[in-house]
Amino acid sequence: MKIIAGKNVSTSDEPAVVVVCVNVRIGPRAVSCGGSDSEAIADALEAGIKSRDLNARVERIRCLGMCAKGPNVRFVPGGSWFNEVEPGDTDTILDHLAG
Ligand code: FES
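In structure tokens, the structure reads:
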């Protein structure tokens with residue numbers, strides 16, 4: 744996994760948002776996050792948020808524009824990026840979220 748650190752913004756009132764690209768692109772050369780099992784990553788992040796009782800939610804979206812570097816996860820607004828995420832990376836991502 745590659746991490747591009749950002750300023751992770753959250754308040755105690757509003758949940759942090761963890762954006763996971765689940766887009767599936769069709770075609771023999773069409774790499775995509777969803778084609779690399781990013782739904783499982785989103786599920787694991789949701790489970791981790793629940794078990795850690797974090798004030799955060801997962802939002803599944805269709806493409807972050809970095810398809811060749813996927814699966815991609817991002818904290819919004821303006822937070823860290825995580826490229827080439829694998830299911831075993833979710834604890835590290837949540838460690839960043841927890842600060
Ligand atoms: S398919 Fe995930 S960034 Fe485009």
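Everything in the sequence shown is counted per the working numbering, starting at 744 for the first residue and increasing by one.
Just so you know, even glycine gets a beta-carbon here, dropped at the ideal spot from N, CA and C.
DSSP state of residue i mapped onto helix, strand, coil
{"i": "C764", "result": "strand"}
{"i": "I792", "result": "helix"}
{"i": "A783", "result": "helix"}
{"i": "A841", "result": "helix"}
{"i": "A811", "result": "helix"}
Closest residue to residue i among the options (Cα-Cα distance)
{"i": "R772", "options": "P830, C810, D838 and G822", "result": "C810"}
{"i": "M744", "options": "V816, L837, E827 and L840", "result": "E827"}
{"i": "R800", "options": "G842, S781, V762 and K812", "result": "V762"}
{"i": "G813", "options": "I769, G749, D756 and D780", "result": "D780"}
{"i": "A783", "options": "G770, C764, K750 and P758", "result": "C764"}
Residue i CB to nearest heavy atom of ligand 1 below 8 Å
{"i": "P814", "result": "yes"}
{"i": "S823", "result": "no"}
{"i": "L807", "result": "yes"}
{"i": "R768", "result": "yes"}
{"i": "S781", "result": "yes"}
{"i": "E775", "result": "Checking the sequence, you will find Ser at residue 775 rather than Glu. Correct: S775 has its Cβ closer than 8 Å to ligand 1."}
Alpha-carbon spacing of residue i relative to residue j, whole angstroms
{"i": "T833", "j": "G791", "result": "8 Å"}
{"i": "D838", "j": "R803", "result": "20 Å"}
{"i": "I836", "j": "K793", "result": "14 Å"}
{"i": "R768", "j": "G821", "result": "26 Å"}
{"i": "S823", "j": "P758", "result": "16 Å"}
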